[in-house]
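Take any residue in the sequence shown, note its place counting from 1, add 2, and you have its number in our numbering.
Beta carbons are placed, not taken as given, at the ideal position from N, Cα and C, and that holds for glycine.
From a predicted model like this one, the values you see are computed outputs, not experimental measurements.
What follows is a short report on a single structure.
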Amino acid sequence: GLLVRYDDVGFFINPRDMELKHSKALNNFMGWTYDDMRSLDASLKSADLILLSLYFSVPSDNLFTFGGKEFGGKYWGTVPPRRLKQLMKDPDLALRFAKEMFHRRLPLEDRLALTRQAFAHAYGLKQAGVPLFILSAVADHGQQAERTRDMRLAFNAMCREFCEAHPEAVFVDIDTLLQPDEFADSDHYTRTGYFKIAEFVNGNLGAQAKVEAA
3 GLLVRYDDVG FFINPRDMEL KHSKALNNFM GWTYDDMRSL DASLKSADLI LLSLYFSVPS
63 DNLFTFGGKE FGGKYWGTVP PRRLKQLMKD PDLALRFAKE MFHRRLPLED RLALTRQAFA
123 HAYGLKQAGV PLFILSAVAD HGQQAERTRD MRLAFNAMCR EFCEAHPEAV FVDIDTLLQP
183 DEFADSDHYT RTGYFKIAEF VNGNLGAQAK VEAA
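What follows is the structure, given as structure tokens:
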């Protein structure tokens, strides 16, 4: 099947307009749906804790706008490279894509602003007292982090600022939390590493919820 990614700013920040329920651009090209967005909102409203890892909403070159009545598109969406490659193999889908999707090459500060809006969407829907944990991007471990260090540091700075401005948001600094041997690579951790992240979350919860560290 085609890859679907939910760490997409559009999944969080798009207006929940009924137009999207029947949007061929959304349903064919992004993979997530209007109903998925509504389910996200319901989950955010009922969650005992929220843990977001959204670094990969920032670096993709495949950010597009689509839909709406004005030229240039109203709604945001990211098409994963593997998904885009598969879509382009179908001439009819490729033609529809060319007609309906507007490619957006934004500077880093604008990409970070969109991801910050995603955090704000989650924070605005959660219940009072529910913590929102935001995972950092790893900047000090692994070859991928070395190649993209500046972008990762900028992402982390934005996350820290968001958490400082929102009393129930908690920044999880993976670089300082884990030991070097607990990184599988820049973006994945060993079993012990994942356990440590869960422990950190547990240690910063109230009595309302516990993460099962499995």
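Continuous beta strand (DSSP E) stretch holding Y77: start and end: 77 to 80
For Y191, the three-state DSSP class (helix, strand or coil): strand
CA nearest to the CA of H123, picked from A171, R107, F66: A171
Inter-residue spacing [alpha-carbon to alpha-carbon] between D37 and K23: 7 angstroms
Span separating the alpha-carbon of A200 from that of P133: 14 angstroms
Collapsed DSSP secondary structure at T35 in the structure displayed: coil
N158 versus P182 - alpha carbon distance: 19 angstroms
Span separating the alpha-carbon of D142 from that of M20: 43 angstroms
Cβ-based neighbour list, V140, same chain, cut-off 8 angstroms, excluding 5 preceding and 5 following: A147, R154, I176, D177, F185, S188, D189
Where T45 falls, given that 16 or more other Cβ within 10 Å makes a residue buried: It is Ser, not Thr, that sits at residue 45 in the sequence shown. Counting Cβ neighbours within 10 Å, S45 comes out exposed, since fewer than 16 surround it.
Buried or exposed by the 16-neighbour rule on C-beta atoms within 10 Å, applied to G12: buried
Cβ-Cβ distance between G74 and F104 below 7 angstroms: yes
Whole-Å CB distance - D9 paired with L127, under 8 angstroms assumed: D9 to L127, Cβ: 17 angstroms. No contact.
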